[in-house]
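Engineer: Take this structure, written in structure tokens, and hold onto it; I'll ask about it next.
Numbering (the working numbering), first residue to last: 8 to 153.
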């Protein structure tokens, strides 16, 4: 990859928390080839990997991350984002733990609310009553628990 492109991939911003986040990330929606992810990290210099439970590939992403680490990329250089899906609003902490297990990681760098639209009851008309402030409390608990 050309030097200019690698420099673009390597740029970061500092978040309010003080952590740095790469400005250029690899979104892995619908990626089913572990090698594509590993190569993007090792060969092309991507450090921000953006996945989600609803993509159905967190395990694949976790294996690709493990391969990249084995190839010499330090975990500390990686910025891994995954997301809380609306069917898990009632227990964000458990949902995050489940994602960590699928990714085979001790932590993710960012955990987002993927689609902040309430889940519907089985009638597909009635909104489930999980208040967003309660969802947010669960998200904050994820941060507190590390």
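Virtual Cβ for every residue (Gly too), placed ideally from N, Cα, C.
Name, in chain order, the residues that DSSP records as bridge partners for residue 118.
Structural biologist: Position 111 of the chain shown, counting from 1, holds the residue named residue 118. Paired residue(s): 89.
Engineer: Does the beta-carbon of residue 133 have 16 or more other beta-carbons within 10 angstroms, so that it is buried, or is it exposed?
Structural biologist: For the purposes of this step, residue 133 is taken as residue 126 along the chain shown, with counting starting at 1. Exposed.
Engineer: Can you tell me where the beta strand (DSSP E) with residue 56 in it begins and where it stops?
Structural biologist: Position 49 of the chain shown, counted from the start, is the residue given in the question as residue 56. 55-57 is the span of the beta strand (DSSP E), which, as asked, contains residue 56.
Engineer: Report the three-state DSSP secondary structure of residue 80 (helix, strand or coil).
Structural biologist: The residue labelled residue 80 in the question sits at position 73 within the chain shown. If DSSP states are grouped into helix, strand and coil, residue 80 belongs with coil.
Engineer: Which stretch, first to last residue, makes up the beta strand (DSSP E) that contains residue 45?
Structural biologist: Start at 1 with the first residue of the chain shown, and residue 45 comes out as number 38. No beta strand (DSSP E) contains residue 45, which is instead part of the alpha helix (DSSP H) from 41-49.
Engineer: Which word fits residue 36, buried or exposed, when buried means at least 16 other C-beta atoms lie within 10 angstroms of its C-beta?
Structural biologist: Here residue 36 corresponds to residue number 29 of the chain shown, with the count starting at 1. Residue 36 is exposed by the Cβ-count criterion.
Engineer: Tell me whether residue 20 sits in a helix, a strand or coil according to DSSP, three-state version.
Structural biologist: Residue 20 sits at position 13 when you count from the first residue of the chain shown. Three-state DSSP puts residue 20 in a strand.
Engineer: Measure the C-alpha to C-alpha separation of residue 113 and residue 107 and round it to an integer number of angstroms.
Structural biologist: Here the question's residue 113 lines up with position 106 in the chain shown. Here the question's residue 107 lines up with position 100 in the chain shown. Each residue's Cα considered, the two are about 6 Å apart.
Engineer: Taking just the CA atoms, how far does residue 70 sit from residue 41?
Structural biologist: Against the chain shown, residue 41 aligns to sequence position 34. Against the chain shown, residue 70 aligns to sequence position 63. About 7 Å.
Engineer: For residue 145, name the three-state secondary structure that DSSP assigns.
Structural biologist: Counted from its first residue, the chain shown places residue 145 at position 138. Of the three classes helix, strand and coil, the one that applies to residue 145 here is helix, per DSSP.
Engineer: In angstroms, rounded to a whole number, what distance separates the CA positions of residue 44 and residue 111?
Structural biologist: Mapped onto the chain shown, residue 44 falls at position 37. Mapped onto the chain shown, residue 111 falls at position 104. C-alpha separation (whole angstroms): 15 Å.
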